[in-house]
């Protein structure tokens, strides 16, 4: 199964909590091209996090875990956190997020294909909305 995973996090400095937004969509074949289809799942989660970077990372991990548990074998991951996406796509260890790459590598082995793609916040509104929604429940 092919899926499109959109993730985002919203960090509240005052409470040191973060809202995580996760949206999983199935695939829609349009003119023999894969495109995101209907929404399979939406999640808003709240966690304690010390930084926005860590919150973004946990949003990614939570989304990958959900996709894996639902049996997806090919996943396209979209995030508006450019630094994270850049580091995940680097071939060498130079500049990668220390300590966290081993976790991501384990997830990579769970999928036949996984791609990490940058998407501007403007184009990642649904996941951002889910992240903000979690923070409103504090």
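In my numbering, the protein residues as written are 12 to 149. The C-beta atom is built at its ideal place from N, Cα and C for all residues, glycine as well.
Contact belief for residue i with residue j at Cβ below 8 Å, rounded distance in angstroms
| i | j | result |
| --- | --- | --- |
| residue 122 | residue 85 | 6 Å |
| residue 145 | residue 55 | 4 Å |
| residue 44 | residue 38 | Actually they are not in contact, since the Cβ atoms of residue 44 and residue 38 sit about 10 Å apart, beyond 8 Å. |
| residue 75 | residue 118 | 5 Å |
| residue 67 | residue 95 | 5 Å |
Residue(s) in a DSSP beta bridge with residue i
| i | result |
| --- | --- |
| residue 143 | Residue 143 pairs with nothing; no bridge assigned. |
| residue 83 | Note: residue 83 sits in no beta bridge, so no partner. |
| residue 74 | Paired residue(s): none; residue 74 is not in a bridge. |
| residue 20 | 31 |
Residue i vs residue j beta-carbon contact at 8 Å
| i | j | result |
| --- | --- | --- |
| residue 20 | residue 78 | no |
| residue 57 | residue 30 | yes |
| residue 135 | residue 40 | no |
| residue 73 | residue 33 | yes |
| residue 28 | residue 15 | no |
| residue 12 | residue 83 | yes |
Counted within 10 angstroms of its Cβ, other Cβ atoms place residue i as buried (16 or more) or exposed
| i | result |
| --- | --- |
| residue 116 | exposed |
| residue 130 | buried |
| residue 81 | exposed |
Item to complete: Take every Cβ of the segment 131-144, pair it with every Cβ of the segment 90-97, and state whether three or more of those distances are shorter than 8 Å.
Response: yes
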